[in-house]
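Protein chains in written order, with my numbering: chain X, 1 to 224; chain E, 1001 to 1238.
Beta carbons are placed, not taken as given, at the ideal position from N, Cα and C, and that holds for glycine.
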């Protein structure tokens, strides 16, 4: 269950239900393209969506992650109808979907929804800030470890699909940088990485290998 | 540090306050306290509880992320187009970043509780502040990607242009150390980047003062990040 929806007062949640349709999000699917209108919003339950900012049309950087704690398409709740980021499915799984038009109408008629979304925006801004700092100062290996743990927590599985290209976008480094970092974690027997599949072998060890940002973001989520 | 009110520095020098419907503005006006924001003043500390939001009029406030190990770098700049402290009406009690005055000047502060009440009443004020929040998020994410992928001299150009847009005039009072903190690079990196721009005749840098000599060239030189942020602000805000 999506936590943002779960936090709504019962009445407010029930009036939303009829506008929400269950969908299955698939790895690699682009839900929103940067600079294009938002057609639908998504409330992930067991899926995970990555928010990417792009430059020069191809260099990307993950600026945030949305799982069951949030909503994809938050710009719409803030009064913008164009997505400033690319929303890319990173972990396949179910979500609830609502059309942009319905969402806008609901927002007007359902103040608790706006309030819950605003709290989520605050948490998301904290995550964006932290991710920015981490990207700026921490080494690739520690960032990769953080990213793997954040993914694990959100898809609730220590095994997931992942390509070099994908990781290179997430971490904002070249493919060779990803290879080096992944090999280093593999040599330390913390993960196994084969044919686009990652398996976490040693959770404790991986937690020790990542930067402090993992814990900071985790605490923020707990507070949110 | 309270300052006196003057015509040239009325609250409406802040674009958000100026854009409020007249009745919303009048309701807030008695609570707006003018103040001076001196260079380097820490407006907010990351994670600390806050009682006020700030509306810069002739100053610039930098939002910095601070990591557990103390390293910090700028995530956004706010001047007369915005306000500092969105967390306080979006539902957080503490701010996730440190806010430091980056260019000295004036501004107004307002008790967070007063703004929160007005915000929760909905209407145009709420819509305006939400759109501002979206614009700020875009600035944050673009700054993050710029930091990751662009050269220091391009980042410096972006930073200069975003700052100038938020001030009148073409001069910034700045130390290399502060710029280095903003960009999250070492001082030598800033010296080199500023030296490059100076050699090309785009800026003059002496004794903590940066004067932009050729704004056109600076715009030609900057990475796309500046335009992305500017476009978003122009689109979403009055």
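Interface flag, residue i vs chain X, CB-CB below 8 angstroms
i	result
residue 1179(E)	no
residue 1138(E)	yes
residue 1092(E)	yes
residue 1096(E)	yes
residue 1157(E)	no
residue 1069(E)	yes
residue 1100(E)	no
residue 1054(E)	no
residue 1148(E)	yes
residue 1141(E)	yes
residue 1240(E)	A question about residue 1240(E) goes unanswered here, because the residues of chain E that appear run from 1001 up to 1238.
residue 1131(E)	yes
residue 1219(E)	no
residue 1305(E)	With chain E covering only 1001 through 1238, there is no way to say anything about residue 1305(E).
residue 1073(E)	yes
residue 1015(E)	no
Whole-angstrom C-beta distance between residue j and residue i, which should lie under 8 angstroms
i	j	result
residue 1119(E)	residue 1125(E)	6 angstroms
residue 1100(E)	residue 1040(E)	7 angstroms
residue 1197(E)	residue 1153(E)	6 angstroms
residue 29(X)	residue 66(X)	About 14 angstroms; that fails the 8 angstroms criterion.
residue 103(X)	residue 76(X)	6 angstroms
residue 1063(E)	residue 133(X)	At roughly 12 angstroms, the Cβ-Cβ gap does not stay under 8 angstroms, so residue 1063(E) and residue 133(X) are not in contact.
residue 3(X)	residue 68(X)	5 angstroms
Proximity of residue i and residue j at Cβ, strictly below 8 angstroms
i	j	result
residue 135(X)	residue 185(X)	no
residue 19(X)	residue 98(X)	yes
residue 1075(E)	residue 1097(E)	yes
residue 50(X)	residue 1065(E)	no
residue 1209(E)	residue 1173(E)	yes
residue 1087(E)	residue 1094(E)	yes
residue 1025(E)	residue 1017(E)	yes
residue 1059(E)	residue 1107(E)	yes
residue 118(X)	residue 1090(E)	yes
residue 39(X)	residue 109(X)	no
residue 1187(E)	residue 1193(E)	no
residue 1131(E)	residue 80(X)	yes
residue 1222(E)	residue 1166(E)	no
residue 1225(E)	residue 1142(E)	yes
Candidates the options: closest to residue i by CA position
i	options	result
residue 1056(E)	1037(E), 1074(E), 1067(E)	1037(E)
residue 169(X)	55(X), 120(X), 47(X)	55(X)
residue 206(X)	86(X), 110(X), 83(X), 187(X)	187(X)
residue 27(X)	148(X), 165(X), 91(X)	91(X)
residue 1182(E)	1215(E), 1197(E), 1155(E), 1134(E)	1155(E)
residue 217(X)	171(X), 142(X), 131(X)	131(X)
residue 203(X)	17(X), 145(X), 79(X), 53(X)	145(X)
residue 1162(E)	1116(E), 1136(E), 1052(E)	1136(E)
residue 1013(E)	1027(E), 1081(E), 1051(E)	1081(E)
residue 152(X)	198(X), 80(X), 59(X)	198(X)
residue 183(X)	173(X), 141(X), 53(X), 47(X)	141(X)
residue 64(X)	124(X), 195(X), 180(X)	124(X)
residue 1267(E)	1176(E), 1158(E), 1212(E)	Because residue 1267(E) is not part of the residues shown, which for chain E are 1001 to 1238, the question remains open.
residue 1105(E)	1144(E), 1061(E), 1073(E)	1061(E)
residue 1033(E)	1191(E), 1129(E), 1053(E)	1053(E)
residue 37(X)	53(X), 161(X), 86(X)	86(X)
residue 137(X)	1(X), 213(X), 48(X)	213(X)
residue 1160(E)	1190(E), 1148(E), 1138(E)	1190(E)
residue 162(X)	23(X), 3(X), 76(X), 48(X)	48(X)
residue 23(X)	83(X), 164(X), 93(X), 143(X)	93(X)
residue 154(X)	178(X), 95(X), 78(X), 83(X)	95(X)
Classification of residue i by the beta-carbon crowding that lies within 10 angstroms, buried from 16 upward
i	result
residue 1023(E)	exposed
residue 44(X)	buried
residue 1048(E)	exposed
residue 1122(E)	exposed
residue 1113(E)	exposed
residue 223(X)	In this prediction, residue 223(X) has a pLDDT of 39, which is less than 50 and means its spatial position is unreliable; what the coordinates show is noted afterwards. Looking at its Cβ environment, which holds fewer than 16 other Cβ atoms inside 10 Å, residue 223(X) is exposed.
residue 1206(E)	exposed
residue 1151(E)	exposed
residue 1005(E)	Because the pLDDT at residue 1005(E) is just 49, under 50, the model does not fix this residue reliably, and the value given afterwards should be weighed accordingly. So residue 1005(E) ends up on the exposed side.
residue 1220(E)	exposed
residue 113(X)	buried
residue 226(X)	There is no way to answer for residue 226(X), as the model of chain X reaches only from 1 to 224.
residue 32(X)	buried
Neighbouring residues, chain C, relative to residue i (Cβ below 9 angstroms)
i	result
residue 1184(E)	This model lacks chain C altogether; the protein chains it does include are X and E.
Short CB-CB distance (under 8 angstroms) between residue i and chain E
i	result
residue 14(X)	no
residue 118(X)	yes
residue 130(X)	yes
residue 222(X)	Since pLDDT at residue 222(X) reaches only 46, below the 50 mark, its modelled position is unreliable, and no value is offered.
residue 73(X)	no
residue 121(X)	yes
residue 84(X)	yes
residue 145(X)	no
residue 167(X)	no
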